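Visitor:
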Ligand code: GZL
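Residue numbers (mature numbering (1 follows the signal peptide of the UniProt record, and there is no 0)): -27 to -1, 1 to 311.
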């Protein structure tokens, strides 16, 4: 799947309207020098490389691996970038430390995926004071001051949760349904929003009840461990709603270890649509997956070049996600990029 074919739904800062623009409109700027107020030299001018400091959440899931690959494969020297990349091992203090080191280096642009929504204002103020623009990818922050970052690009996590919940209502909502929820990392935007979206989709259906909900921190191991606890405490679980494929795959291991059939005795709905999740869907162990597109590298490169060139960029760029049942997964899997 190529993000370049995606129509981008763009949300202007604060405006209610949604503009659908093609990718070229988003990435119109070339790498011309223009002083966009970037720290250090203006970067990107006439053969200069644009120095980018990127702080990644970690390496917790298949989705994260695909996202990291997309960024590292795109922000290359041949594409005009000098990339410094750091893995925060899912710790906010490591991201803050990395951002401060990028400020000290005087990079042209800082980009990062914030592991949680809160606690960023101070370090973002430091980047602003150093005149280094910041671009958010994948996850956003809850800062009230939107001047602290130039743009956010990523998925609509509330919509992902709503899409998952709607499938459950439409396909399983006619009878009593006990749901256990494997939440993502506590305080992370995808965890907060996927929970909210799912709850909003099921709230009108009296049959569907979330009987247990706990974080599995987006990892397969913790997803399995939490599911083991759910199974011991709840004899009649009908469905697992996991905020990502990796926790869903961990739940499969726990369900099978308990002598039950995942996808049959206990249905499973997840979000991401990485290869391992899609294979489990084809195998009938997962019942439905909502995609979350990790291939953000090309769009990030365009936004960075626009920022350095002084071109206007949208405050929020939402990438389009699909959803898959078993038949759609069987069709998509052979040519899937991640
Ligand atoms: C979503 C991303 C989430 C994925 C998980 O954009 O932040 O983090 O859904 C990953 O797989 O760990």
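Where a beta carbon is used, it is the ideal one built from N, C-alpha and C, also for glycine. Note that the structure is a prediction, hence the values are computed from the model and not measured.
Would you kindly work out how many angstroms separate the C-alpha atoms of residue 101 and residue 121, rounded to a whole number?
Guide: The count along the chain shown starts at 1 and reaches residue 101 at position 128. The count along the chain shown starts at 1 and reaches residue 121 at position 148. Approximately 7 Å between the Cα atoms of the pair.
Visitor: With DSSP as the reference, label residue 310 as helix, strand or coil.
Guide: For the purposes of this step, residue 310 is taken as the residue at position 337 of the chain shown. Residue 310: coil per DSSP, three-state reduction.
Visitor: Between the Cα of residue 81 and those of 90, 107, 269, spot the shortest distance and give me the residue it belongs to.
Guide: On the chain shown, residue 81 is found 108 positions in, with the first residue counted as 1. The option with the nearest alpha carbon to residue 81 is 107.
Visitor: Looking only at DSSP bridge pairs, what is residue 151 linked to?
Guide: Reading the chain shown from its first residue, position 178 is the one you call residue 151. In DSSP, residue 151 forms a bridge with 182.
Visitor: Just mark residue 138 as buried or exposed, buried being the case when its beta carbon has 16 or more other beta carbons within 10 Å.
Guide: Looking up residue 138 in the chain shown gives position 165. So residue 138 ends up on the buried side.
Visitor: Whole angstroms is fine: what's the gap from residue 249's alpha carbon to residue 283's?
Guide: By 1-based counting over the chain shown, the position of residue 249 is 276. By 1-based counting over the chain shown, the position of residue 283 is 310. Going by the C-alpha atoms only, they are around 41 Å apart.
Visitor: If we require 3 or more residues per run, which beta strand (DSSP E) segments fall completely within the stretch 23 to 82?
Guide: List check, beta strand (DSSP E) in window: 23 to 29, 54 to 60.
Visitor: So residue 63 packs on residue 90, CB below 8 Å; how close in whole Å?
Guide: For the purposes of this step, residue 63 is identified with residue 90 of the chain shown, where counting begins at 1. For the purposes of this step, residue 90 is identified with residue 117 of the chain shown, where counting begins at 1. Not confirmed; about 14 Å, so no contact.
Visitor: Is the closest heavy atom of ligand 1 to the C-beta of residue 93 under 8 Å?
Guide: Taking the chain shown and counting its residues from 1, the one referred to as residue 93 is at position 120. Because no heavy atom of ligand 1 lies under 8 Å away, the Cβ of residue 93 does not count as near it: no.
Visitor: Of the choices 141, 298, 159, whose alpha-carbon is the least far from that of residue 149?
Guide: On the chain shown, position 176 is the one that residue 149 refers to. Cα-wise, what sits closest to residue 149 is 141.
Visitor: Assuming contact is defined by CB atoms lying nearer than 9 Å, are residue 134 and residue 217 in contact in what I supplied?
Guide: By 1-based counting over the chain shown, the position of residue 134 is 161. By 1-based counting over the chain shown, the position of residue 217 is 244. Cβ atoms of residue 134 and residue 217: not closer than 9 Å.
Visitor: Once the 5 residues before and after residue 61 are set aside, which same chain residues still bring their CB inside 8 Å of it?
Guide: For this step, residue 61 is matched to residue 88 along the chain shown. Cβ within range, chain order: 28, 29, 30, 31, 67, 68, 71, 88.
Visitor: For my contact list, residue 181 and residue 146 are in at a C-beta cut-off of 8 Å; report their separation, rounded to the angstrom.
Guide: Along the chain shown, one-based indexing puts residue 181 at 208. Along the chain shown, one-based indexing puts residue 146 at 173. Correct: roughly 6 Å between the Cβ atoms.
Visitor: Return the first residue and the last residue of the alpha helix (DSSP H) that residue 135 is part of.
Guide: By 1-based counting over the chain shown, the position of residue 135 is 162. Residues 130 to 145.
Visitor: Taking the alpha-carbon positions, what's the residue 198 to residue 264 distance?
Guide: The count along the chain shown starts at 1 and reaches residue 198 at position 225. The count along the chain shown starts at 1 and reaches residue 264 at position 291. If I take the Cα positions, the gap works out to 24 Å.
Visitor: Buried or exposed, going by whether 16 or more other CB atoms sit within 10 Å of the CB of residue 271?
Guide: If you number the chain shown from 1, residue 271 lands on position 298. Buried.
Visitor: So residue 110 and residue 84 are supposed to be a Cβ contact under 8 Å. How far apart are they, rounded?
Guide: Locating residue 110 in the chain shown gives position 137, where the first residue counts as 1. Locating residue 84 in the chain shown gives position 111, where the first residue counts as 1. Confirmed, Cβ separation roughly 6 Å.
Visitor: Give me whichever residues DSSP pairs with residue 212 in a beta bridge.
Guide: Residue numbering aside, residue 212 sits at position 239 when the chain shown is read from its first letter. DSSP output for residue 212 lists 152, 240 as bridge partner(s).
Visitor: Have a look at residue 159 and residue 57 and give me their C-alpha separation to the nearest angstrom.
Guide: For the purposes of this step, residue 159 is taken as the residue at position 186 of the chain shown. For the purposes of this step, residue 57 is taken as the residue at position 84 of the chain shown. Roughly 27 Å between the two C-alpha positions.
Visitor: With distances taken from CA atoms, which of 269, 105, 226 is nearest residue 202?
Guide: Start at 1 with the first residue of the chain shown, and residue 202 comes out as number 229. It is 226.
Visitor: What does DSSP give as the partner residues of residue 85 in its beta bridges?
Guide: Within the chain shown, residue 85 is the residue found at index 112, counting from 1. DSSP lists 28, 109 as partners of residue 85.
Visitor: How should residue 260 be labelled, buried or exposed, when 16 other C-beta atoms within 10 angstroms of its C-beta is the threshold for buried?
Guide: Here the question's residue 260 lines up with position 287 in the chain shown. Buried, by the Cβ-count rule.
Visitor: DSSP three-state call for residue 187: helix, strand or coil?
Guide: For the purposes of this step, residue 187 is identified with residue 214 of the chain shown, where counting begins at 1. Three-state result, residue 187: strand.
Visitor: With a threshold of 8 Å (Cβ to nearest heavy atom), would residue 130 be considered close to ligand 1?
Guide: Mapped onto the chain shown, residue 130 falls at position 157. At least one heavy atom of ligand 1 is nearer than 8 Å to the Cβ of residue 130, so yes.
Visitor: Can we count residue 37 as close to ligand 1, meaning its CB is less than 8 Å from some heavy atom?
Guide: Walking along the chain shown from the start, residue 37 turns up at place 64. The answer is yes for residue 37.
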